[in-house]
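A quick write-up on the structure given underneath.
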């Protein structure tokens, strides 16, 4: 089994989770995969990159949409795969890519059910980042140059999509404490504080496993 350390970051919209992931990766001297994971999954599976952008952390039950878009699919050839709805093919490709990454290198992976994909991976640390609404809204306003109402709408809709995606594909509940190793409120400790906590936790988890 690989000895690579993989830290997975699930996050509320506006909580700074992606930034925390990037800061963690920089501190550890490893890569952080967010949107980059989509390109890798497309390359590994033969599916068009645009499909991953369309389905990114968005579950769909539209069978008609899957039938229409399925003409773009390539790669796997067994009958069970060919009969699979497109959204499941996209998830499976990401799932496989996440597992492949974990065996090849230490890294940080943001979103995309990475903690579920690596549930049996001994050196995985799963983290959920939340935050106070006022801070999340303010961060979104600054990032996207929108007013508070637009930022709040963006926050609510994005979290709903992420929750639906996670709950649809995994056996756990998004944002529920028992689904993760560590839950941190970035409003309480700041982004740098969150990074320090995750690094300390990862060290302790490894030490506990090696007892």
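Numbering (the numbering used here), first residue to last: 1241 to 1451. We put the beta carbon where it would ideally sit given N, CA and C, even for glycine. Quick caveat, the model's predicted, so the values are computed rather than measured.
Consult DSSP for residue 1251 and reduce its assignment to one of helix, strand or coil. strand
Is the beta carbon of residue 1406 within less than 7 Å of some heavy atom of the ligand ADP? As presented, the structure is devoid of all ligands, the ligand ADP included, so that no description of it is given.
So what does DSSP say about residue 1361, is it helix, strand or coil? coil
Rounded straight-line distance, which links the Cα of residue 1273 to that of residue 1440: 21 Å
For residue 1329, the nearest candidate out of 1356, 1291, 1397 and 1253 (CA to CA): 1291
Once the 5 residues before and after residue 1281 are set aside, which same chain residues still bring their CB inside 7 Å of it? Annotation for residue 1281: 1292, 1333, 1334 and 1337 place their beta carbon closer than 7 Å to its own, counting only its chain and skipping 5 residues before and after.
Is the segment 1357-1372 in contact with the segment 1241-1256, if contact means three or more CB pairs nearer than 8 Å? yes
Could you have a look at residue 1245 and say whether DSSP puts it in helix, strand or coil? In this structure, residue 1245 counts as coil in the three-state DSSP scheme.
Is the beta carbon of residue 1347 closer than 8 Å to that of residue 1271? Yes; because the gap between Cβ atoms is below 8 Å, this pair is in contact.
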